[in-house]
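Visitor:
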Amino acid sequence: MSKMKTKSGAKKRFKITKTGKIKTHQVGKRHRLINNSPARTRDLRGMDALSVSETRRVKRWMPYGGGI
94 MSKMKTKSGA KKRFKITKTG KIKTHQVGKR HRLINNSPAR TRDLRGMDAL SVSETRRVKR
154 WMPYGGGI
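94 is the number of the first residue of the sequence shown in the working numbering; add one for each residue after it.
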């Protein structure tokens, strides 16, 4: 049986932590930022953990851990 391939879009968007959680960039930081307060814009920096149901789906896309 051939090797399973990692979805290339998933390995660019998600990072798997050592404990198995999946982190991704927060949404809402691309455009129309003038409507947000400066505090809200600061809060959107960094990474955010996915929910359990989304984590299961993303792990199927990265069978070998997504290159960690």
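We put the CB at the ideal spot given by N, CA and C, even for glycine.
Exposed or buried, which one is Ile115 when buried takes at least 16 other CB atoms within 10 Å?
Guide: Within the sequence shown, numbered from 1, the residue matching residue 115 stands at position 22. The residue in question, Ile115, is buried, as its Cβ has 16 or more Cβ neighbours within 10 Å.
Visitor: What residue range is occupied by the uninterrupted alpha helix (DSSP H) comprising Thr117?
Guide: Within the sequence shown, the letter at position 24 stands for residue 117. From DSSP, Thr117 is part of no alpha helix (DSSP H) but of the beta strand (DSSP E) over 115-118.
Visitor: Is there contact here, the stretch 94-110 with the stretch 123-131, by at least three beta-carbon pairs under 8 Å?
Guide: no
Visitor: For Met155, count neighbouring C-beta atoms within 10 Å of its own C-beta (all shown protein chains included) and say buried if the count is 16 or more, exposed if not.
Guide: Stepping through the sequence shown from its first residue, residue 155 is reached at position 62. That one is buried.
Visitor: Are the beta-carbon atoms of Thr117 and Met94 separated by less than 9 Å?
Guide: The count along the sequence shown starts at 1 and reaches residue 117 at position 24. The count along the sequence shown starts at 1 and reaches residue 94 at position 1. Result no, Cβ atoms of Thr117 and Met94 do not sit closer than 9 Å.
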